[in-house]
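Visitor: So that we are looking at the same thing, I have put the structure below in structure tokens.
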Amino acid sequence: MTAWLSIDALSKSFGQSIAVRDVSLEIGRGEFVTFLGPSGSGKSTLLYMIAGLETPSTGDIRLAGDSLLPVAPNLRNIGMVFQRYTLIPHLTVAENIAFPMKMRKWDRQRQKRRLEEMLALVRLEEFADRRPNALSGGQQQRVALARALAYEPEMLLMDEPLAALDQSLKLDLQREIRRIHDSTGATILYVTHDQEEAMRLSDRIAVFHNGTVEQFATPGEIYQKPGSAFVAGFVGHSNLLPAEMFDEAHPAVALAGGDSTGTPGLQPGKGAALFRPEDFTVLRSDTGTAALTAAQTGTITGTITDIVFLGPVVEILVRLASGARILVRQAPDLTADLRPGDQVSLRILRQPWILP
Amino acid sequence: MLLDFRHLGALRWVLVAIGLLVAGFLLLPVVFIVLLSFGSSRWLIFPPPGWTLKWYEAFFADPGWFAALGASLRVGLAAAVIAVVFGLGAALAMSRGRLRGAWWLHMLLLMPMVLPVVVLAVGIYSLALRAGLNDTFIGFVLSHAIVALPFTVIILVNGLNSFDPSLEDAAVLCGASRWRARLHVTFPSIRLSIITAVIFAFLISWDEIVISIFMAGPNLQTLPVKLWTTLRQDLTPVIAVASTMVLAFSLILLLIAAILTRRGR
């Protein structure tokens with residue numbers, strides 16, 4: 090995808106502390122990009138700099154080749170939805186949505202047409218004359234979304250817009266945001282600390298850590314091929330075992346500490362093999378699967394230390410001979426006869442990803 | 497709650513008694529002056545031997561009193577507007593955080609409230625003498641605005657601090673310039689604080705006496721100054737009438753402020 094929005098070596102420091110350090114990203118037109126990271130990782134600061142509400146210390150932001158930095162925030166033609174509800178309290182829903190059009194001095198007919206489109210887009214036609222405080226949090230955020238999209242901005246920025254909402258409402262609105270992205274083709278930059286939300290919404294995810302971008306890739310790559318231990322740990326649960334890859338082309342793995350027999354003769358501990366909790370099948374060592382001995386490639390043996398029932402899955406914590414612990418998720422019906430203390434074999438279902 | 501009024505038993509009557517005593521102590525002078533303004537005695541005897549409205553007639557018949565009342569109203573209004581405009585500017589600068597030394601500025605602006613009024617009055621007097629502002633409308637307005645400023649700053653800073661700046665930011669991103677956003681979003685949102693600040697600033701000017709005595713001259717004197725000078729020459733019940741007028745007006749404004757604050761919650 091060709092770069093439309095270029096963030097070029099951007100840094101921002103507040104006094105002694107550096108919020109964003111030397112971040113460069115290339116974002117394509119129409120893309121849905123999420124900045125994911127823990128709080129204080131710089132993701133919101135970057136969004137505020139793009140909006141023009143913060144000034145970068147060094148670096149540049151370019152939109153279609155031209156620097157955005159000299160442009161005042163009210164002239165950048167960017168829409169933004171904030172985490173807190175930012176509807177103007179003394180105006181009705183319709184007046185709030187029309188506010189940016191009024192500021193742009195659109196003619197009345199055009200304002201009216203666009204207002205109706207927007208109310209329909211967020212499905213709030215019957216609430217047009219209500220005041221914001223008569224709406225629920227979810228409805229207020231939908232109005233904020235309509236207001237931010239009303240003037241056809243080049244970019245829509247969203248700063249944790251759903252963080253204050255409860256879970257089921259969150260899912261509804263995520264679906265709505267996705268639908269709006271598909272139907273309007275808007276470029277959306279979305280900030281969240283919720284990895285599931287990031288996965289659900291984004292074309293690409295930039296994972297932030299300590300003011301830098303650890304990885305910028307599709308959700309699938311982020312999950313399956315994380316670029317760093319931080320990304321592996323932040324997105325999904327990760328089981329990391331010391332390992333060494335012995336063939337770059339066919340990355341088979343030798344695990345350390347005798348947890349797998351893999352290929353003998355390799356020095357363990359030169360890298361880390363990433364296993365996701367769903368990468369295993371748990372087999373009891375004393376049943377018919379005893380054929381899968383510790384000598385067989387592709388299994389790890391250990392002892393169950395804990396079993397937690399979560400509904401759709403059961404989480405099983407297994408302690409390996411080396412002392413490492415592995416979290417496994419299984420369908421409940423496969424684990425009915427397992428108890429803490431049981432000796433089990435973990436059959437590895439897919440090649441682990443080797444972290445550099 | 498542990499100290500619930502209903503569960504205090506006999507002790508609560510003690511509390512009620514203390515409350516009534518304090519209220520009486522605070523209110524009695526006010527009640528006295530109002531009753532005296534209707535009393536028929538020339539010598540402010542209490543209780544009044546009879547009731548009359550003649551002192552009110554005298555008050556409204558005297559152009560001097562009327563001029564003082566008008567001066568007080570005009571000075572108060574102008575001083576309130578100036579104190580609120582400058583207070584709002586200062587409050588914006590301080591509550592929007594980026595300003596270096598905001599804390600020092602805040603302390604500086606609160607100085608007129610902490611400083612003994614006489615000290616302030618002497619300073620203002622000598623400054624006004626140099627500038628030729630004594631006995632002028634502008635002199636009165638500026639000096640009153642100085643005393644009112646700390647109060648407007650406190651009220652407006654509180655108002656702005658309870659207002660979420662993201663609202664203003666959102667309006668800016670909607671295409672409004674910073675000042676248009678303030679005009680359309682911020683100021684309407686803190687309008688109760690602004691009105692309260694205007695009322696308090698007016699009230700401070702309305703019963704300001706120390707600085708006003710220094711400022712006053714033959715051209716211009718506010719109601720409290722007129723009261724003071726009249727009192728020194730002649731103990732007439734018209735003074736009680738003027739006091740009652742001052743009181744009534746203050747009460748009305750305080751009532752409006754109280755209603756507004758309650759509605760704001």
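Sequence lines, in order, name chains C and G.
If you count by the working numbering, then the first sequence holds residues 90 to 445, one letter each, in order.
If you count by the working numbering, then the second sequence holds residues 497 to 761, one letter each, in order.
Glycine included, each C-beta is placed from N, C-alpha and C at the ideal position.
Does at least one heavy atom of the ligand GTP sit under 7 Å from the Cβ of residue 552 (chain G)?
Guide: This structure lacks the ligand GTP, and indeed carries no ligand of any kind.
Visitor: Do residue 274 (chain C) and residue 119 (chain C) have their C-beta atoms closer together than 8 Å?
Guide: In the first sequence, counting from the first residue as 1, residue 274 (chain C) sits at position 185. In the first sequence, counting from the first residue as 1, residue 119 (chain C) sits at position 30. Contact flag set, yes.
Visitor: For residue 380 (chain C), which of helix, strand or coil comes out of DSSP?
Guide: For this step, residue 380 (chain C) is matched to residue 291 along the first sequence. Confidence in residue 380 (chain C) is poor, its pLDDT being 42 and thus under 50, which makes the residue's placement unreliable; the coordinate value appears in the next sentence. Three-state DSSP puts residue 380 (chain C) in a helix.
Visitor: Between the segment 699 to 717 of chain G and the segment 612 to 631 of chain G, are three or more C-beta pairs nearer than 8 Å?
Guide: yes
Visitor: Could you please give the first and the last residue of the uninterrupted alpha helix (DSSP H) stretch that includes residue 552 (chain G)?
Guide: Position 56 of the second sequence, counting from 1, holds the residue named residue 552 (chain G). Element bounds for residue 552 (chain G): 550 to 557.
Visitor: Can you tell me where the alpha helix (DSSP H) holding residue 643 (chain G) begins and where it ends?
Guide: Numbered from 1 along the second sequence, position 147 holds the residue referred to as residue 643 (chain G). From DSSP, the alpha helix (DSSP H) with residue 643 (chain G) extends over 633 to 657.
Visitor: Might you give, ordered along the chain, the residues of its own chain that have their beta carbon closer than 6 Å to the beta carbon of residue 750 (chain G), omitting 5 neighbours on each side?
Guide: Walking along the second sequence from the start, residue 750 (chain G) turns up at place 254. If we look at residue 750 (chain G) and ignore the five residues flanking it on each side, it has no Cβ neighbours.
Visitor: Taking only runs of the beta strand (DSSP E) that begin and end inside the segment 362 to 439 of chain C, which ones reach a length of at least 3 residues, in chain order?
Guide: 369 to 373, 388 to 398, 403 to 409, 414 to 419 and 432 to 437
Visitor: Given residue 584 (chain G), which residues of its chain have a CB within under 6 Å of its CB, disregarding the five upstream and five downstream residues?
Guide: The sequence position of residue 584 (chain G) within the second sequence is 88, counting from 1. Same-chain partners within the cutoff: 652.
Visitor: Three or more C-beta pairs closer than 8 Å, one from the segment 689 to 701 of chain G and one from the segment 212 to 221 of chain C: is that the case here?
Guide: no
Visitor: If you draw a straight line from the C-alpha of residue 177 (chain C) to the C-alpha of residue 543 (chain G), how long is it?
Guide: Position 88 of the first sequence, counted from the first residue, corresponds to residue 177 (chain C). Position 47 of the second sequence, counted from the first residue, corresponds to residue 543 (chain G). Between the alpha carbons of residue 177 (chain C) and residue 543 (chain G) lies a distance of about 58 Å.
Visitor: In angstroms, rounded to a whole number, what distance separates the CA positions of residue 202 (chain C) and residue 360 (chain C)?
Guide: Working through the first sequence from its first residue, we reach residue 202 (chain C) at position 113. Working through the first sequence from its first residue, we reach residue 360 (chain C) at position 271. Residue 202 (chain C) and residue 360 (chain C): Cα-Cα distance of roughly 60 Å.
Visitor: With 8 Å set as the bound, which would you pick, yes or no: does the beta-carbon of residue 328 (chain C) sit closer than that to a beta-carbon of chain G?
Guide: In the first sequence, counting from the first residue as 1, residue 328 (chain C) sits at position 239. Closer than 8 Å: no.
Visitor: Could you say which of G:725, G:668, G:607 and G:672 lies nearest to residue 642 (chain G) if we only look at CA atoms?
Guide: Against the second sequence, residue 642 (chain G) aligns to sequence position 146. Considering only G:725, G:668, G:607 and G:672, the residue with the shortest C-alpha distance to residue 642 (chain G) is G:607.
Visitor: Between the segment 679 to 701 of chain G and chain C, which residues of the former have CB atoms less than 9 Å from a CB of the latter, in chain order?
Guide: 680, 681, 684, 685 and 687
Visitor: Buried or exposed: residue 603 (chain G), going by 16 or more other Cβ atoms within 10 Å of its Cβ?
Guide: Working through the second sequence from its first residue, we reach residue 603 (chain G) at position 107. Exposed is the call here.
Visitor: Does the beta-carbon of residue 241 (chain C) have 16 or more other beta-carbons within 10 angstroms, so that it is buried, or is it exposed?
Guide: For the purposes of this step, residue 241 (chain C) is taken as residue 152 along the first sequence, with counting starting at 1. Classification of residue 241 (chain C): exposed, given that the 10 Å Cβ count is below 16.
Visitor: Would you say residue 658 (chain G) lies against chain C (beta-carbon separation less than 8 Å)?
Guide: The sequence position of residue 658 (chain G) within the second sequence is 162, counting from 1. With 8 Å as the cut-off, residue 658 (chain G) does not count as an interface residue toward chain C.
Visitor: Please go through the segment 100 to 172 of chain C and give each complete beta strand (DSSP E) segment of 3 or more residues, from N-terminal end onward.
Guide: 106 to 116, 121 to 125, 147 to 152 and 167 to 170
Visitor: Would the beta-carbon of residue 637 (chain G) fall within 8 Å of that of residue 564 (chain G)?
Guide: For this step, residue 637 (chain G) is matched to residue 141 along the second sequence. For this step, residue 564 (chain G) is matched to residue 68 along the second sequence. Cβ atoms of residue 637 (chain G) and residue 564 (chain G): not closer than 8 Å.
Visitor: Using a Cβ distance threshold of 8 Å, determine whether the segment 128 to 148 of chain C contacts the segment 298 to 318 of chain C, with at least three qualifying pairs required.
Guide: Contact between the segment 128 to 148 of chain C and the segment 298 to 318 of chain C is present: 3 or more CB-CB pairs across the two stretches fall below 8 Å.
Visitor: Considering Cα atoms alone, identify which of G:626, G:690 and G:728 is closest to residue 647 (chain G).
Guide: Taking the second sequence and counting its residues from 1, the one referred to as residue 647 (chain G) is at position 151. Just measuring C-alpha positions, the residue of G:626, G:690 and G:728 sitting nearest residue 647 (chain G) is G:690.
Visitor: Is the segment 737 to 756 of chain G close to the segment 714 to 722 of chain G, with three or more CB pairs under 8 Å?
Guide: The segment 737 to 756 of chain G, when compared against the segment 714 to 722 of chain G, does touch it at the 8 Å Cβ threshold.
Visitor: Do we get a CB-CB distance below 8 Å when we pair residue 312 (chain C) with the residues of chain G?
Guide: Here residue 312 (chain C) corresponds to residue number 223 of the first sequence, with the count starting at 1. Answer no: the Cβ-Cβ gap between residue 312 (chain C) and chain G never drops below 8 Å.
Visitor: Taking the DSSP output, what are the residues bridged to residue 248 (chain C)?
Guide: As a first step, residue 248 (chain C) is located in the first sequence; it is residue number 159 there, counting from the start. The partner list for residue 248 (chain C) (beta bridge, DSSP) reads C:280.
Visitor: With 9 Å as the C-beta to C-beta threshold (strictly closer), list the residues of the segment 133 to 150 of chain C near chain G in chain order.
Guide: 137, 140, 141 and 142
Visitor: With distances taken Cα to Cα, identify the nearest neighbour of residue 703 (chain G) among G:525, G:745 and G:605.
Guide: Your numbering for residue 703 (chain G) matches position 207 in the second sequence. Selected option, being the one with the closest Cα: G:745.
Visitor: In chain C, what lies closer than 7 Å to residue 672 (chain G) by C-beta?
Guide: Your numbering for residue 672 (chain G) matches position 176 in the second sequence. The contacting residues are 163 and 192.
Visitor: If you compare alpha carbons, which of C:185, C:140, C:145 and C:171 is closest to residue 164 (chain C)?
Guide: Here residue 164 (chain C) is taken as the residue at index 75 of the first sequence, counted from 1. Closest by alpha carbon: C:140.
Visitor: For residue 302 (chain C), report the span of its beta strand (DSSP E) as first-last.
Guide: Within the first sequence, numbered from 1, the residue matching residue 302 (chain C) stands at position 213. Note, residue 302 (chain C): beta strand (DSSP E), 301 to 306.
Visitor: Would you kindly check if the distance between the Cβ of residue 174 (chain C) and the Cβ of residue 226 (chain C) is under 8 Å?
Guide: As a working note, residue 226 (chain C) is residue 137 in the first sequence. As a working note, residue 174 (chain C) is residue 85 in the first sequence. For residue 226 (chain C) and residue 174 (chain C), yes; Cβs fall inside 8 Å.
Visitor: Just the Cα atoms here: how many angstroms apart are residue 631 (chain G) and residue 184 (chain C)?
Guide: Your numbering for residue 631 (chain G) matches position 135 in the second sequence. Your numbering for residue 184 (chain C) matches position 95 in the first sequence. The straight-line gap from Cα to Cα measures roughly 50 Å.
Visitor: Determine the chain C residues that contact residue 666 (chain G) at a beta-carbon separation under 7 Å, and present them in chain order.
Guide: Mapped onto the second sequence, residue 666 (chain G) falls at position 170. Correct list: 169, 171 and 175.
Visitor: May I ask which residues mark the beginning and end of the beta strand (DSSP E) holding residue 296 (chain C)?
Guide: As a working note, residue 296 (chain C) is residue 207 in the first sequence. Element bounds for residue 296 (chain C): 293 to 298.
Visitor: If we count the other Cβ atoms within 10 Å of its Cβ and call it buried at 16 or more, is residue 693 (chain G) buried or exposed?
Guide: To locate residue 693 (chain G), count along the second sequence from 1; it is residue 197. So residue 693 (chain G) ends up on the buried side.
Visitor: For the segment 231 to 244 of chain C, which residues have a beta carbon sitting closer than 9 Å to at least one beta carbon of chain G?
Guide: Of all residues in the segment 231 to 244 of chain C, only 233, 236, 237, 239, 240 and 242 come within less than 9 Å of chain G when Cβ atoms are compared, listed by chain position.
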